[in-house]
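**Student:** Attaching a single structure in structure tokens format; questions to follow.
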Amino acid sequence: MASSPSMHPTSRATGPLRWGVLLLLAVAAYVGWREFWFLTDDAFITFRYISNSLRGYGHTWNPPPFQPVEGYSNFLWMVLLEGVWRVFGVEPPDAANGVSLIFSYGTLALGFFWVWRMALPPELTRYRFALAVAVLAGVLSNRTFLAWMSSGLETALFIFCTTLWCVAMLEQDREHSPRAVAVACTAAALSALTRPDGMLLVAASGVLVLMKLVQAPPRGRWVLTALPLLAVPLHIVWRRLYYGEWLPNTYYAKHVQSWPESGLRYALCFLIEYGLWVWLVVGLVAAVRLLRGMGWREVAERLWRQPGHVAVVGVLLAHFAYYTLNIGGDHFEYRVYAHLVLPLMVAFVAFLGWLRVGRTGALALMGTFLLLSLPVQWVHYAKTRELTTRKQTYRLRQPIAEAFPAPVRPLVALFDTQQDWLISHFVGMRHQEHKVFFEHWSQEYPTREEGQKLALPERPMLVTRSVGVPGWVLPDVIVIDYHGLNDRVVARTPVKEQKLKERIMAHDRTPPAGYLECFEPNVQIKRRQLRTGTRKTPLTDERIRECEARFDPSKSPPPADAPTPDAPGLTGAGGE
1 MASSPSMHPT SRATGPLRWG VLLLLAVAAY VGWREFWFLT DDAFITFRYI
51 SNSLRGYGHT WNPPPFQPVE GYSNFLWMVL LEGVWRVFGV EPPDAANGVS
101 LIFSYGTLAL GFFWVWRMAL PPELTRYRFA LAVAVLAGVL SNRTFLAWMS
151 SGLETALFIF CTTLWCVAML EQDREHSPRA VAVACTAAAL SALTRPDGML
201 LVAASGVLVL MKLVQAPPRG RWVLTALPLL AVPLHIVWRR LYYGEWLPNT
251 YYAKHVQSWP ESGLRYALCF LIEYGLWVWL VVGLVAAVRL LRGMGWREVA
301 ERLWRQPGHV AVVGVLLAHF AYYTLNIGGD HFEYRVYAHL VLPLMVAFVA
351 FLGWLRVGRT GALALMGTFL LLSLPVQWVH YAKTRELTTR KQTYRLRQPI
401 AEAFPAPVRP LVALFDTQQD WLISHFVGMR HQEHKVFFEH WSQEYPTREE
451 GQKLALPERP MLVTRSVGVP GWVLPDVIVI DYHGLNDRVV ARTPVKEQKL
501 KERIMAHDRT PPAGYLECFE PNVQIKRRQL RTGTRKTPLT DERIRECEAR
551 FDPSKSPPPA DAPTPDAPGL TGAGGE
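Under the UniProt record's numbering, residues 1 to 576 are what the sequence shown spells out, in order.
Here's what the structure looks like:
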């Protein structure tokens, strides 16, 4: 497809003016990163695993004799931050967002390269630089991209790896070179090691290599390009040997049943907030324009000649469908759609090429799309950025329809209604809430330095609903995760039928009756004050193993309901 987003060589972008524009974009990215800078409580879960590794326990939540459990799902991110700590002495909370900024700059550079290499019709070729700048400006005006430039989570790394894979797959359609395939396979492997959803990229890359083996001998060169993919099965085998599971514990804790009624609302809010209805309309018209006059055979032949394009579109759609229709979105604000922001902008440039519009038409359409993507997201931000207390931001639902003129108010009111439903179910919790929650939770607990100096009782144990910050600042305390992200027993405990009707994203699981009491938690912290209790029976290694084995649902199914126990270590606070 001559005007599809395949790669096309052109002259270099040179000149002081152009470099000045790129510098301004780089500065804008930094300003956006600083404005949206935040850390999530969940990020500190990974930080505790890193800490325990440095303390000699391995990548586990609680030290032996507790069973090792994979309560993270970002292996590569964890290893990277651990390497930074070991080599440079910079602890994960201090390093994470700086590393994320670097990967975000890498994503922006890939975005520029992507547009710079696109095949465009003659009417648009001379405006390639302007189109690339427009794409980056659109990305940098997008709250989702800006928010996930930080957070402490692996999101920026995943976005970079996914973008690199997309660019490499499209590049191989142009060059048909082993180098492009090798880059794609490497990016796919890194993506899968960063988040399990990267397995989609691995599968698509594997299919591409198989096609090359059949169609383009000698076969040896294609075998070599696929070697990076071996890292993924090796990691899976390691997980099975070390943790005893094929999937991360987080999957069992979070996935209760398919939840399309949540995911469709999540997707609808994303569409309205960023004006993507414009993208859909222009894309539909452009597709009709491109395909008009083509027979099905010609379309099939063109798709067969461009497997990279098919793979990129197919993988992004499959990922979108999985999280939308199966998982129900995500606990965080559009985190699982964050990697789509750049491809959506690049695809819009492709639509302009398919429409064969000139400079004026391209400027009008791109300008309209960018302008209409701004109001909802930034009005919402303006109304919430000054909310700085936990009381103000708990289940943060901010109606904004009244701020809009009457003609568009019904659309924004629809957005408000869906937001209200989602956030009542802990889906798509807004950036400002997570930012304030971390700050609030940090005030409730001592610093890590203070936590290491506390006079703790024998085998100190704390039970809490939000475990990240407590797990990091109390490295010498056993932490039981009430909702099971880091607890094998809780993660596999069946959810009561009533709770299935009143879903709470990532918070559906609760401990089986008697499980917490079996350990007799003996630590509680509130407003930085330590309270301790005395166990009736010492918590020996044998008792820990017996408690975990007795309540393990895979051995003897526990009761579906779990009453809130009156245990000394249960904080009763810190719920999202």
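All C-beta atoms in this analysis are idealised placements derived from N, C-alpha and C, irrespective of residue type, glycine included.
Straight-line CA distance for residue 513 to residue 433?
**Tutor:** Counting from one through the sequence shown, the residue named residue 513 turns up at place 513. Counting from one through the sequence shown, the residue named residue 433 turns up at place 433. The alpha-carbon atoms of residue 513 and residue 433 are separated by roughly 31 Å.
**Student:** If we count Cβ pairs, one from each stretch, closer than 8 Å, do we get three or more for the region 143 to 158 versus the region 174 to 185?
**Tutor:** no
**Student:** Nearest to residue 231 by CA position, among 476, 336, 191, is which residue?
**Tutor:** Position 231 of the sequence shown holds residue 231. Cα-wise, what sits closest to residue 231 is 191.
**Student:** In the DSSP assignment, find the beta strand (DSSP E) that holds residue 417 and state where it starts and stops.
**Tutor:** Numbered from 1 along the sequence shown, position 417 holds the residue referred to as residue 417. Per DSSP, residue 417 belongs to no beta strand (DSSP E); it is in the alpha helix (DSSP H), 409 to 424.
**Student:** Among 243, 242, 207, which residue has its Cα nearest to the Cα of residue 226?
**Tutor:** Indexing the sequence shown from 1 puts residue 226 at position 226. With distances taken between Cα atoms, residue 226 lies closest to 207.
**Student:** Under 8 Å, do residue 71 and residue 250 count as touching if we go by C-beta distance?
**Tutor:** Locating residue 71 in the sequence shown gives position 71, counting from the first residue. Locating residue 250 in the sequence shown gives position 250, counting from the first residue. A contact, by the Cβ cut-off of 8 Å.
**Student:** Within a Cβ cutoff of 6 Å, which residues of the same chain sit near residue 366, ignoring the five residues on either side of it in sequence?
**Tutor:** Numbered from 1 along the sequence shown, position 366 holds the residue referred to as residue 366. Around residue 366: 134.
**Student:** Starting from the C-beta of residue 328, find all residues in its chain whose C-beta is less than 6 Å away, skip the five residues before and the five after it, and write them out in chain order.
**Tutor:** Within the sequence shown, numbered from 1, the residue matching residue 328 stands at position 328. Taken in chain order, the residues that qualify are 259, 262, 263.
**Student:** With DSSP collapsed to three states, give me the class of residue 504.
**Tutor:** Counting from one through the sequence shown, the residue named residue 504 turns up at place 504. Here residue 504 sits in coil by DSSP.
**Student:** Which whole-angstrom value describes the C-beta separation of residue 140 and residue 28, a residue pair presumed to lie in contact below a C-beta threshold of 8 Å?
**Tutor:** For the purposes of this step, residue 140 is taken as residue 140 along the sequence shown, with counting starting at 1. For the purposes of this step, residue 28 is taken as residue 28 along the sequence shown, with counting starting at 1. At roughly 5 Å, the Cβ-Cβ gap stays under 8 Å, so residue 140 and residue 28 are in contact.
**Student:** Compute the Euclidean distance between the alpha carbons of residue 388 and residue 412, then round it to the nearest angstrom.
**Tutor:** Reading the sequence shown from its first residue, position 388 is the one you call residue 388. Reading the sequence shown from its first residue, position 412 is the one you call residue 412. Near 25 Å, if we compare the C-alpha coordinates of residue 412 and residue 388.
**Student:** Is it the case that the Cβ atoms of residue 426 and residue 269 are separated by a distance below 8 Å?
**Tutor:** One-based indexing of the sequence shown puts residue 426 at position 426. One-based indexing of the sequence shown puts residue 269 at position 269. Against a cut-off of 8 Å, the Cβ pair of residue 269 and residue 426 comes out as no contact.
**Student:** Enumerate in chain order the residues of its own chain whose CB-to-CB distance from residue 150 is below 7 Å, with the five nearest sequence positions on each side excluded.
**Tutor:** Mapped onto the sequence shown, residue 150 falls at position 150. Cβ neighbours of residue 150 beyond the five flanking positions: 33, 36, 37, 38, 97, 100.
**Student:** Going by the DSSP bridge assignment, what does residue 523 pair with across the sheet?
**Tutor:** The count along the sequence shown starts at 1 and reaches residue 523 at position 523. In the DSSP output, where bridge partners are listed per residue, residue 523 has 532.
**Student:** Hey, how far is the Cα of residue 229 from the Cα of residue 523?
**Tutor:** Along the sequence shown, one-based indexing puts residue 229 at 229. Along the sequence shown, one-based indexing puts residue 523 at 523. In a straight line, the C-alpha of residue 229 is about 45 Å away from that of residue 523.
**Student:** Per DSSP, what kind of secondary structure is residue 258 in: helix, strand or coil?
**Tutor:** As a first step, residue 258 is located in the sequence shown; it is residue number 258 there, counting from the start. Looking at residue 258 - three-state DSSP - the assignment turns out to be coil, as it is neither helix nor strand.
**Student:** For residue 149, does the three-state DSSP call read helix, strand or coil?
**Tutor:** Translated into the one-based positions of the sequence shown, residue 149 becomes position 149. Residue 149 sits in coil when the DSSP states are folded into three classes, being neither helix nor strand.
**Student:** Can you round the beta-carbon distance between residue 47 and residue 93 to whole angstroms, since I take them to be within the 8 Å contact cut?
**Tutor:** For the purposes of this step, residue 47 is taken as residue 47 along the sequence shown, with counting starting at 1. For the purposes of this step, residue 93 is taken as residue 93 along the sequence shown, with counting starting at 1. With a Cβ gap of about 6 Å, residue 47 and residue 93 count as contacting.
**Student:** Which stretch, first to last residue, makes up the alpha helix (DSSP H) that contains residue 541?
**Tutor:** The sequence position of residue 541 within the sequence shown is 541, counting from 1. Looking at the DSSP string, the run of the alpha helix (DSSP H) that includes residue 541 is 541 to 550.
**Student:** Of the choices 169, 131, 220, whose alpha-carbon is the least far from that of residue 313?
**Tutor:** Here residue 313 corresponds to residue number 313 of the sequence shown, with the count starting at 1. The shortest C-alpha separation from residue 313 is found at 169.
**Student:** For residue 42, count neighbouring Cβ atoms within 10 angstroms of its own Cβ and tell me buried if that reaches 16, exposed if not.
**Tutor:** Within the sequence shown, numbered from 1, the residue matching residue 42 stands at position 42. Burial call: buried.
**Student:** Bridge partners for residue 250 per DSSP, in chain order?
**Tutor:** Within the sequence shown, residue 250 is the residue found at index 250, counting from 1. DSSP, once it has assigned bridges, lists no residue as partnering residue 250.
**Student:** Rounded to a whole number of angstroms, what is the C-alpha to C-alpha distance between residue 252 and residue 492?
**Tutor:** As a position in the sequence shown, residue 252 is number 252, starting the count at 1. As a position in the sequence shown, residue 492 is number 492, starting the count at 1. The straight-line gap from Cα to Cα measures roughly 6 Å.
**Student:** Taking the DSSP output, what are the residues bridged to residue 464?
**Tutor:** The residue you call residue 464 lines up with position 464 of the sequence shown. Secondary-structure assignment with DSSP links residue 464 through a beta bridge to 481.
**Student:** Output the boundary residues of the alpha helix (DSSP H) element that contains residue 554.
**Tutor:** Taking the sequence shown and counting its residues from 1, one reaches residue 554 at position 554. Per DSSP, residue 554 lies in no alpha helix (DSSP H) and is assigned neither H nor E.
**Student:** Would you list the one or two residues that DSSP bridges to residue 39?
**Tutor:** Taking the first residue of the sequence shown as 1, we reach residue 39 at position 39. Paired residues: 151.
**Student:** Output the distance between the C-alpha atoms of residue 452 and residue 62, rounded to the nearest integer angstrom.
**Tutor:** Position 452 of the sequence shown, counted from the first residue, corresponds to residue 452. Position 62 of the sequence shown, counted from the first residue, corresponds to residue 62. Computed Cα separation, rounded: 16 Å.
**Student:** Measure the CB-CB distance between residue 323 and residue 315 and report whether it falls below 8 Å.
**Tutor:** Here residue 323 is taken as the residue at index 323 of the sequence shown, counted from 1. Here residue 315 is taken as the residue at index 315 of the sequence shown, counted from 1. No, the pair does not count as a contact, with Cβ atoms beyond the cut-off.
**Student:** Would you tell me roughly how many angstroms separate the C-alpha atoms of residue 383 and residue 551, rounded to the nearest one?
**Tutor:** Residue 383 sits at position 383 when you count from the first residue of the sequence shown. Residue 551 sits at position 551 when you count from the first residue of the sequence shown. So the alpha carbons of these two residues sit roughly 47 Å apart.
**Student:** Alpha carbon to alpha carbon, what distance is there between residue 506 and residue 466?
**Tutor:** Counting from 1 along the sequence shown, the entry for residue 466 is found at position 466. Counting from 1 along the sequence shown, the entry for residue 506 is found at position 506. Distance between the alpha carbons of residue 466 and residue 506: 11 Å.
**Student:** Three or more beta-carbon pairs under 8 Å between the region 390 to 408 and the region 292 to 303, yes or no?
**Tutor:** no
**Student:** DSSP has residue 160 in a bridge; who is on the other side?
**Tutor:** If you number the sequence shown from 1, residue 160 lands on position 160. Answer is none; residue 160 lacks a bridge partner.
**Student:** Look at the alpha carbon of residue 18 and the alpha carbon of residue 346, and state the distance between them as a whole number of angstroms.
**Tutor:** Translated into positions along the sequence shown, residue 18 becomes position 18. Translated into positions along the sequence shown, residue 346 becomes position 346. So the alpha carbons of these two residues sit roughly 19 Å apart.
**Student:** Specify, as a first and last residue, the run of the alpha helix (DSSP H) that residue 440 falls within.
**Tutor:** Here residue 440 refers to the residue found at position 440 of the sequence shown. Its alpha helix (DSSP H) spans residues 431 to 444.
**Student:** Output yes or no for whether 8 Å exceeds the beta carbon distance between residue 202 and residue 349.
**Tutor:** Position 202 of the sequence shown holds residue 202. Position 349 of the sequence shown holds residue 349. Not in contact: residue 202 and residue 349 (Cβ atoms no closer than 8 Å).
**Student:** Considering Cα atoms alone, identify which of 138, 64, 118, 381 is closest to residue 372.
**Tutor:** Counting from one through the sequence shown, the residue named residue 372 turns up at place 372. Among 138, 64, 118, 381, the Cα nearest to that of residue 372 belongs to 138.
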